[in-house]
Amino acid sequence: MATKENQKSPKTDPSPESTNLPPPFLEVICKSTGGVRRFAAGTKAGFAANLISQNNPSSREVRIEAVKKGEEAVVFGPNALLVNYGPSWKLEAVTIARGGVVVDGGRGDPKSKLKYKPTVGDQLASSDFPISIFYIGKVFVAFIFIFLIGAIFTYFLENLPELLSYINSSSLDRPDFSN
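Under UniProt numbering, the first residue of the sequence shown carries the number 1, and numbering increases by one thereafter.
This is the structure in structure tokens:
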């Protein structure tokens with residue numbers, strides 16, 4: 001009887017019931033297309049969002065969120081690694097339109113939805129950021145400093161031969177006390 005127990009030890013039995021390992025991939029549900037995309041564990045969220053948005057050209061921007069009913073959604077930043085938070089959490093690709101409106105997605109708590117704020121990389125209309133007189137003044141001061149530094153270096157380089165000859169001539173005039 002001892003030999004039968006040794007033959008069916010959990011270490012040698014690779015049946016699916018004996019191993020409780022998570023799958024080596026994560027599934028992201030795309031709300032706009034209804035499809036499911038699989039990514040390897042440890043994939044950056046920015047890469048996954050970029051790949052999803054390439055397959056759906058109508059979407060403005062895509063971000064990945066982990067959602068659970070009744071819980072606040074966990075938003076993955078572009079450099080965050082995709083992880084599975086458990087069986088009741090689902091990864092969803094949420095499409096964001098211009099102006100911060102969530103077009104689709106987010107089964108989490110509606111109070112927790114944050115409005116999207118445009119970043120520097122977004123293409124905005126030119127009327128969103130008018131050029132002020134303060135900005136023009138800062139650019140003007142920067143140009144003055146650039147020309148001032150250039151003039152100082154030019155003056156230094158023009159007078160460098162005279163400076164070197166002065167240093168060499170003054171070192172020859174000194175008496176030698178080494179003897």
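Where a beta carbon is used, it is the ideal one built from N, C-alpha and C, also for glycine. Fair warning: this is a prediction, and the values are worked out from it, not measured in the lab.
Going by CA-CA distance only, name the one from the options that's closest to residue i.
i	options	result
Ser88	Glu72, Asn79 and Lys68	Lys68
Gly42	Phe140, Asn84, Asn159 and Ile136	Asn84
With distances taken between CB atoms, is the gap from residue i to residue j smaller than 8 Å?
i	j	result
Ala40	Val62	no
Ile64	Leu91	yes
Ala45	Pro78	yes
Leu82	Ala48	yes
Would you call residue i buried or exposed, if buried means 16 or more other Cβ atoms sit within 10 Å of its Cβ?
i	result
Val28	buried
Ala151	exposed
Ala80	exposed
Lys31	buried
Thr154	exposed
Ala66	buried
Gly105	Annotation note: pLDDT 48 at Gly105 (below 50); position unreliable, coordinate value reported separately. Buried, because 16 or more other Cβ atoms sit within 10 Å of the Cβ of Gly105.
Phe147	exposed
Phe145	exposed
Phe76	buried
Keeping to the same chain, check which residues put their C-beta closer than 8 Å to that of residue i; ignore five residues upstream and five downstream.
i	result
Val36	Glu27, Val28, Ile29 and Cys30
Phe134	none
Lys111	In this prediction, Lys111 has a pLDDT of 44, which is less than 50 and means its spatial position is unreliable; what the coordinates show is noted afterwards. Cβ within range, chain order: n/a, list empty.
Any beta carbon of chain C sitting closer than 8 Å to that of residue i?
i	result
Pro87	The chain labelled as chain C is not found in the depicted structure, where only one protein chain is given.
What I want to know is whether the C-beta of residue i ends up closer than 7 Å to one or more non-hydrogen atoms of the ligand MN.
i	result
Lys138	With respect to small molecules bound, the structure shown includes none, and the ligand MN cannot be examined in it.
If you drop the 5 nearest sequence neighbours on each side, which residues of the same chain put their C-beta closer than 6 Å to that of residue i?
i	result
Gly86	none
Val74	Ala66
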